[in-house]
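K.L.:
Structure incoming, see below.
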Amino acid sequence: MTKKLVIIGAGMASGRALEHLLKEDPDWDVTLFNAEPRGNYDRIMLSPVLAGDKSYEDIVIHDSAWYEENGVTCRFGEKVETIDRAAKTVTAANGDVLEYDKLLIGTGSKPFIIPLPGHDLDGVIAYRDLEDTELMMSMTDQNKVVVIGGGLLGLEAAAGMAARGVDVTVVHIMGHLMERQLDEAAGYLLRKALIDKGITVMCSANSKEIVGEDGKVKALMLDDGTELPCDLLVMAVGIRPNVALAEASGIAVGRGIHVDDQMITSDENILAVGECVEHNGAVFGLVAPLYDQAKVVAKTLLGEEATFVQKDLSTKLKVTGCDLFSAGDFAEGEGREDIVFRDPARGVYRRLVLEDNVIVGTVMYGDTADSNWFFGMIKDKTDISDMRETVIFGPAYQGGAPQDPLAAVAALPDDAEICGCNGISKGDIVAAINEGATDLGAIRAETKASGSCGTCTGLVEQVLATTLGDAFVMPTAQPMCGCTDMTHEDVRRMIKSQELKSMAAVMQECGWKTSCGCHVCRPALNYYLLADWPVEYQDDPQSRFINERKHANIQKDGTFSVVPRMWGGITNANELRAIADAADKFDVPTVKVTGGQRIDLLGVKGEDLPAIWKDLNAAGMVSGHAYSKGLRTVKTCVGTDHCRFGTQDSTGLGIKLEKALWGSWTPHKVKLGVSGCPRNCAEATCKDIGIVCVDSGFEIGVGGAAGMDVKEVQAFAKVETEQEVMDVCIAFTQLYREHAKYLDRMYKFIDKFGLEWCQERVIDDLENRKALVDRFELSQSIYRKDPWAEHVEDKAETYQPVANLTLEAAE
Amino acid sequence: MSEWIDIAALEDIPQRGARVVKTAEGCVAVFRTASDEVYALDNSCPHKQGPLAEGIVHGASVTCPLHNWVFDLATGEAQGADEGTVATYPARVEAGRVLLDAERLRGRVAA
Ligand code: SRM
Ligand SMILES: Cc1cc2nc3c(=O)[nH]c(=O)nc-3n(C[C@H](O)[C@H](O)[C@H](O)COP(=O)(O)OP(=O)(O)OC[C@H]3O[C@@H](n4cnc5c(N)ncnc54)[C@H](O)[C@@H]3O)c2cc1C
Ligand code: SF4
Ligand code: FES
């Protein structure tokens, strides 16, 4: 007896179900509705169509001949409007009412459209079907397109259009691309590859509004005010199961249409398959599980036993034209270990996540030739204990001796280029060695090899090692920390020469051995990046020590101390009153005059910080940065204002200097002193920069300190005007910011680089002095602001406990 | 059967950061790693009671802000040469919400 089957949606899932069904039992009277004006095609292959590698005809799964042979009545371009479950009928858009014995719903997903102002303008599309693809294909090299969403779909759309010469910008809300499938390191490499394809990539970017003209899209506005002009805007931010029709019919619907293990909905005559369903709390977005469902739904229709089982979470992904792979679960977790391998020169990143000696996840970029081998081990839960040391190198290294990098270098011919920046060959280096250069420093001095960008440092060392044999001792230069073999100096050189502008970039290009660094390297990297790329780099509070993250000094009992700035040590009755009021209001146990000419409120509770700052701000006071690797205090004496010996306005100059330098981040803390005469009451001669005023002008000394080492300043310059003092102090501070190792006070920096080296750049070369001042000012345009005010505005809430269970627990 | 209490949205805790939850027996630090795993530990370092929630989070570890001891967030054990253990509490994320095991939290002092 022929049974009537109505199918809603001719997608990939229902199409596969139909194949299984009709192969077993052709005796069904099937009517197939599809809202799209066509039958089943391979949606996955829309990207090659977009890129021009395939045509629509190439990706059709069922053509009209197939439907005809199988006796399927096609109603393409027609939507089903309603389902009447009691009457067992569906109503088509044109009003036709059709009876069914069994109804199969396969309505797929709907792209999610962010309800930004302007989302309904012409030219705002999603990426789901052939119509969307054709619109994107109509773009040429005369057009600009913005894609919102840096996930798989958005990037495929962007890559496809970029291949057609379209000017594409990807706007992504998260910090790195494809954050759900990739870790930060792989996300960084992917971004680099897309930029190489000419795509503009903006991460951590928040869309605010779509701007239109005459009903058509014109630009996307970001919440920081950036306007991105575009002729087409593609939103690829996610999908939602398409359940509206099912929901209206009254069957059970959650995120998707509820189905049981047999793919039957809450109505025994209605089945569902594909992205529109929800099974055991899960919804689906990839075809592999949908094809399993299709098999089951066909069997159920045939009256046979079958059960849909969700398989492992492992997924396997590829983005067109980018060599990347991710599978399994690569989150950090209990009892999990990481094995990380990076080859910066080849742009390769590999990470394996192990649990009990079994690989549970992997992310790879740049060389994915072995991905299937790893994927197989994830699926089979292979125990890798006995190949642990070498597993990361792939199957080629198993069972044999791992290749010795030194042997590879020894085998290089003499004319092989080692240092690309300076055109130095292996032969040049060997010649220098034979003439007596036996360490890296000497090679650099002799040949310049590895002295520019530094990427070849490792290679040069290997040439040294192979040439000198046992006579060569690998340099014992301290690496930054256990995460890398590179020294601070090497890393800093790389940041500048390779224009590395994010932490992920540094970790990749410098071959970090951990996935996200540690408490030693992260604060240093954060400093180097913000000092070298003040505009491009976004400061990372999570990589800062608590004092700098919360803008207060942590105390031994976990409370904090709060020190407002007192410019040049000058205060007034209003400020003192506000400090006294704050001390009362917040029960401050200790109020102390510091050694830096200001007042410290000690023992403030973490939760109270925003409130106490708010009060101090209201009285005109800002953070004194008593906690920062940055400008601390500028101590002054009373100078000409009151003192009978004063030669210049030391107090005024101190205030000017403090106002110019405050807020800047430096490798270590920076303290200044300005004394009005050589009696030196402001102790200027033991400060990082100390100015002693004399009748004929100002003596500037640098490199003083009075901490663990007591250092007297070295005479740096003698100048005549206040303006010169300002310029020299600012330029020298910037020189220190650009070159010093993190946590080197100024005196250590001068010891390493030489006082003369500093003088040449700051005192003698006026043009360079000006350039240094300009760069300092550029950085200050971002960092010279009161952190307290900002935190009171936007972050006050984060200082409170995230939840309070004291009542709950007391019950 | 454990009883889970909803503490906060995952977004309320910064990545590679922590927030504290107040309980009658002191604060519990709830950490979120770069890959969105969450862990709950006593907010008190076994060395000299440093507030671990204020430390730098790296991988699945945290460094105490007072004297730089490093703890494994999963086991609560001090790493390297240091010795000591911080109590841990079951924590998980469901539908973007952070959940803690209520029973274990209540049993803190007894346990
Ligand atoms: C509050 C204050 C002591 C006081 O009560 O007077 C102070 C307190 C601290 N000093 Fe200091 N120093 C203070 C003036 C000084 C001075 C005197 C000065 O600035 O004229 C010095 C010697 C001058 C110098 O820096 O060369 C000084 C040399 C140090 C050092 C040694 C630095 C060095 O390079 O050797 C440290 C350790 C460090 O920074 O690594 C340090 C570190 C510290 C820290 C931040 C320790 C810490 O990391 O927790 C202390 C914070 C205490 C707290 O709980 O708040 N403090 N410290 C002074 C704050 C000045 C201000 O208004 O900002
Ligand atoms: C560009 C792109 C690339 C992709 N790449 C991959 C990949 O690499 N790997 C992978 O596994 N997956 C990929 N996917 C996802 C994959 O295509 C989907 O998982 C799959 O197509 C879903 O199949 P489905 O049958 O559930 O829904 P669909 O294929 O979406 O079919 C549903 C159909 O139902 C129709 N319909 C909806 N409502 C009605 C109604 N009321 N009346 C009549 N008809 C209706 C719709 O018009 C649609 O044609 C990709 C998707 C896209 C868009
Ligand atoms: S000298 Fe400075 S660092 Fe030492 S105890 Fe006193 S305030 Fe603390
Ligand atoms: S209190 Fe934590 S390391 Fe000392």
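Line by line, the protein sequences are chains A and B.
Each step along the first sequence adds one to the number in the numbering used here, with nothing skipped, and position 332 is 334.
Each step along the second sequence adds one to the number in the numbering used here, with nothing skipped, and position 48 is 54.
We treat Cβ as the ideally placed atom computed from N, Cα and C, and that holds for glycine.
#1: Which first and last residues belong to the beta strand (DSSP E) in which S67/B is found?
#2: Could you check what DSSP says for I657/A in three-state terms: helix, strand or coil?
#3: Considering only C-alpha positions, which residue in the set A53/A, L222/A, A238/A and R40/A is nearest to M180/A?
#4: What residues in its chain sit with their C-beta under 6 angstroms from that of A84/B, if we drop five residues either side in the sequence?
#5: Given a limit of 8 angstroms on CB to CB distance, which residues of the stretch 21-39 of chain B reach chain A?
#6: So which residues of chain A does D18/B contact, with C-beta pairs closer than 7 angstroms?
#7: Just verifying my parser: in three-state terms, what is the DSSP assignment at K450/A?
#8: Taking only heavy atoms of ligand 2 into account, decide whether any of them is closer than 7 angstroms to the Cβ of C278/A.
#9: Write down the C-beta distance between E815/A and G110/A rounded to the nearest angstrom, noting that I regard them as a contact closer than 8 angstroms.
#10: Determine the direct distance from the alpha carbon of G41/A to that of G73/A, and round the result to whole angstroms.
#11: For the stretch 514-527 of chain A, which residues have a beta carbon sitting closer than 8 angstroms to at least one beta carbon of chain B?
#12: Please classify V173/A: is it buried, with 16 or more other beta-carbons within 10 angstroms of its beta-carbon, or exposed?
#13: For L105/A versus V92/A, is the C-beta spacing smaller than 8 angstroms?
#14: Closer than 5 angstroms from C-beta to any heavy atom of ligand 4: which residues, in chain order?
#15: Using DSSP's beta-bridge definition, name the partner residues of N555/A.
#16: Under three-state DSSP, which class holds P404/A?
#17: Helix or strand or just coil, what does DSSP make of A409/A?
#18: Got a sec: does ligand 6 put a non-hydrogen atom nearer than 7 angstroms to the Cβ of G13/A?
#19: By the 8 angstroms beta-carbon criterion, what residues does the stretch 557-584 of chain A contribute toward chain B?
#20: Give a yes or no on whether the C-beta atoms belonging to N770/A and R763/A are separated by under 8 angstroms.
#21: Within its chain, find whatever has a CB closer than 7 angstroms to the CB of I253/A; leave out the 5 residues flanking it on each side and keep chain order.
#22: Answer yes or no: the CB of N208/A versus the heavy atoms of ligand 1, is any distance below 7 angstroms?
#23: What's the C-alpha gap between Q599/A and I150/A?
#24: Is T39/B closer than 8 angstroms to A66/B when the C-beta atoms are compared?
#25: So within the stretch 106-148 of chain A, which uninterrupted beta strand (DSSP E) runs reach at least 3 residues, ignoring any that extend past its ends?
#26: Going by the DSSP bridge assignment, what does M237/A pair with across the sheet?
#27: CB of Q725/A to nearest heavy atom of ligand 1: below 7 angstroms?
#28: If you draw a straight line from the alpha carbon of H73/B to that of D88/B, how long is it in whole angstroms?
#29: Give a yes or no on whether 8 angstroms exceeds the smallest Cβ distance from L470/A to chain B.
#30: Just to confirm the assignment, what range does the alpha helix (DSSP H) spanning N36/A have?
#31: Quick one: any contact between the stretch 221-232 of chain A and the stretch 126-135 of chain A, if contact means 3 or more CB pairs under 8 angstroms?
#32: Given a threshold of 16 other Cβ atoms within 10 Å of its Cβ, counted over all protein chains shown, does P404/A qualify as buried or as exposed?
#33: Just to confirm my understanding: we take V362/A, look at its own chain, exclude 5 residues before and 5 after, and list those with CB closer than 6 angstroms. What are they?
#34: Let me check one thing: in DSSP terms, what residues is Q599/A bridge-paired to?
#35: For a test of the three-state rule: what should DSSP assign to A116/B, helix, strand or coil?
#36: What does the Cβ neighbour count give for F562/A, buried or exposed, with the cut at 16 atoms within 10 Å?
P.N.:
Looking at the atomic coordinates:
#1: Annotation: the continuous beta strand (DSSP E) that includes S67/B extends over S67 to T69.
#2: DSSP places I657/A in helix when its eight states are reduced to three.
#3: Cα-wise, what sits closest to M180/A is A238/A.
#4: W75, F77 and G90
#5: Q21, R22, G23, R25, V26, V27, K28, T29, A30, E31, C33, V36 and T39
#6: Residues of chain A whose Cβ lies closer than 7 angstroms to the Cβ of D18/B are, in chain order, V804.
#7: coil
#8: C278/A Cβ: within cutoff of ligand 2.
#9: Outside the displayed range of chain A (3 to 813) lies residue 815/A, so it cannot be described from this structure.
#10: Using only the alpha carbons, I get a separation of about 14 angstroms.
#11: Residues of the stretch 514-527 of chain A with a Cβ closer than 8 angstroms to any Cβ of chain B, in chain order: T516, S517, C518, G519, C520, H521, R524 and P525.
#12: Only buried fits V173/A, as 16 or more other CB atoms lie within 10 angstroms of its CB.
#13: yes
#14: My final list is C51/B, H53/B, K54/B, G56/B, C70/B, L72/B, H73/B and W75/B.
#15: S563/A
#16: Because P404/A sits at a pLDDT of 43, beneath the cut-off of 50, its placement in the model cannot be relied upon, and the point is left open.
#17: helix
#18: You won't find ligand 6 in this model; what it holds is ligand 1, ligand 2, ligand 3 and ligand 4.
#19: Residues passing the 8 angstroms Cβ filter: K558, D559 and G560.
#20: Closer than 8 angstroms, so yes.
#21: I259, T267, S268, D269 and I272
#22: no
#23: 52 angstroms
#24: In this structure, T39/B lies closer than 8 angstroms to A66/B by Cβ.
#25: 111-113
#26: I150/A, per the DSSP bridge assignment.
#27: no
#28: One C-alpha to the other measures close to 11 angstroms.
#29: Nearest CB-CB separation between L470/A and chain B: not below the 8 angstroms threshold.
#30: It is not in any alpha helix (DSSP H) - N36/A instead sits in the beta strand (DSSP E) that spans W30 to N36.
#31: no
#32: In this predicted model, P404/A has a pLDDT of only 43, less than 50, meaning its place in the structure is not dependable enough to derive any value.
#33: G330, D331 and V355
#34: Its beta-bridge partners do not exist; DSSP assigns none.
#35: Its pLDDT being 40, under 50, A116/B is placed unreliably by the model, and nothing is read from it.
#36: buried
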